[in-house]
Structures are given as structure tokens and as C-alpha cells.
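What follows is a set of notes on a single structure, which appears directly below.
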Amino acid sequence: MIEIIPNWHPALVHFPIAFATAAVIFIAIGSAYKNRSWAVQCLITGRWMLWGAALFAVIAAMFGWFAYNSVEHDEVSHAAMTLHRNWAASTLAVLLALTVWDVWRSRSGKMPSQIFLILLIAAWLLVVSTAWHGAELVYRHGLGVMALPDVHAEQDAAPHATVGHEHNHTH
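Note that this note's numbering gives residue 224 to position 77 of the sequence shown, counting from 1, and the numbers run on in steps of one.
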């Protein structure tokens, strides 16, 4: 594995976020403009995006499970990781259920219902919430990233003009 990336979860997790977002957009547009000639193409694209979101969510969850069990962390971080894991498991279950429903619906030739679109938007909100909890792990708890240099020690050791950059260091 690449030394700077302790696991592949952060590299893969962005795919289900992007695909779920695209699925909502394309299915919403296709449903809203169902009488237009291009609406069917939007619905097909949305369907593929949903299926891609589910597939990559499974892959990201597998690598997330590996990260959950291998990344060094303290008790506070462990609680945050468990919360993220629980959100991810629920989100994955909902995405998979919607994907199965969409596969069945597409085979029967039916258009997405309003309920389907509402549930898809709810699933997208779960994806966004799960992503936010994951970002908290990185940006609040510093999990899965290499340590940054201590900028305060650098500032104390040398006058600011010799550090080599100029911008506001208001803390």
C-alpha cells in the first residue's frame, strides 16, 4: 500500500458520495420533466449512478471496516469512529434496499414514483451525514493522517520574517 495512505477507505469513499448526489439530481430532473424526450436518458443515468453508489458504498464499507480495526486511536476517537461506522452501516443498508427496488422497477419498466424519489433524497441525506462524520474523524480527531509539524514551535524558534511565508497567523 502507498505509505502515505494508511488504508484505501479515504480514496474510495468519495465515489458513493458523488454517485449518490448524481443519482438524486438525474432522477429528480428525469421525474420532473418526464414528458421531455431527454427525461428517459436522465432516469437511465440516475439509475446507473445509484447502482454505482451502492457498489462503491459496499467497497468503501469493506475498507472502512479494515480502517476501523487498524487505525490507531484513543477512546474519544473510538467513539467517533463507532458513530461513523453505525451511520455508514445504516446508509449502506438503505442504499442497497433502494438499489434492489430500482433494479426490480427497471425490469418491470416502471418510472420512479414520488415515494422512491423522496426515499432517494433521504438516502442521500444519510450519505451526506455519514460523510460529515467521516470528515470529523480526519479533521477533528486527526485519524488516518500523518502528523503536521508543530507550527507554534517553528514560530517560537525563528522570527516570522525568516519562516519563508507571509500570511496572518491569528490564533
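Quick reminder that beta carbons are idealized off the backbone N, C-alpha and C, glycines included.
Length of the line joining the Cα atoms of residue i and residue j
| i | j | result |
| --- | --- | --- |
| L190 | E283 | 34 Å |
| G291 | V218 | 6 Å |
| L274 | A167 | Residue identity differs from the one stated: residue 274 is Val in this sequence, not Leu. Distance between the alpha carbons of V274 and A167 is about 8 Å. |
| H299 | A201 | 44 Å |
| H156 | L239 | 15 Å |
| A288 | V241 | This sequence places His at residue 288; Ala is not what is there. For H288 and V241, the distance between alpha carbons rounds to 27 Å. |
| N233 | H161 | 18 Å |
| V285 | M293 | 10 Å |
| M196 | N216 | 30 Å |
| E222 | L243 | 31 Å |
Cβ-based neighbour list, residue i, same chain, cut-off 7 Å, excluding 5 preceding and 5 following
| i | result |
| --- | --- |
| T192 | F173 |
| I164 | V274, A278 |
| V235 | At residue 235 the sequence reads Ala, which differs from the Val that was named. Excluding residues within five positions, the ones whose Cβ falls inside 7 Å are A208, G211, T277. |
| A170 | G193, M196, L197, A200, L267 |
Contacts around residue i, its chain only, beta-carbon distance under 6 Å, and the 5 residues preceding and following it disregarded
| i | result |
| --- | --- |
| L199 | Checking the displayed sequence, the identity of residue 199 turns out to be Gly instead of Leu. So the list reads F166, once near-sequence residues are dropped. |
| D297 | none |
| S178 | P259, L264 |
Beta-carbon proximity list for residue i, same chain, < 8 Å, skipping 5 on both sides
| i | result |
| --- | --- |
| L159 | F203, I206, A207, F210 |
| V250 | W198 |
Short Cβ contact (8 Å threshold) for residue i with residue j
| i | j | result |
| --- | --- | --- |
| G281 | H220 | no |
| L264 | A175 | yes |
| S255 | R194 | no |
So does the segment 214–228 actually touch the segment 258–271, counting three or more Cβ pairs closer than 8 Å? Touching, no, given that fewer than three Cβ pairs across the two stretches are closer than 8 Å.
Enumerated in chain order, which unbroken segments of the alpha helix (DSSP H) with a length of 4 residues or greater are wholly contained in the segment 240–307? The qualifying runs are 261–286, 298–304.
Please confirm if the segment 177–189 is in contact with the segment 201–217, defined as three or more CB-CB distances below 8 Å between the two stretches. no
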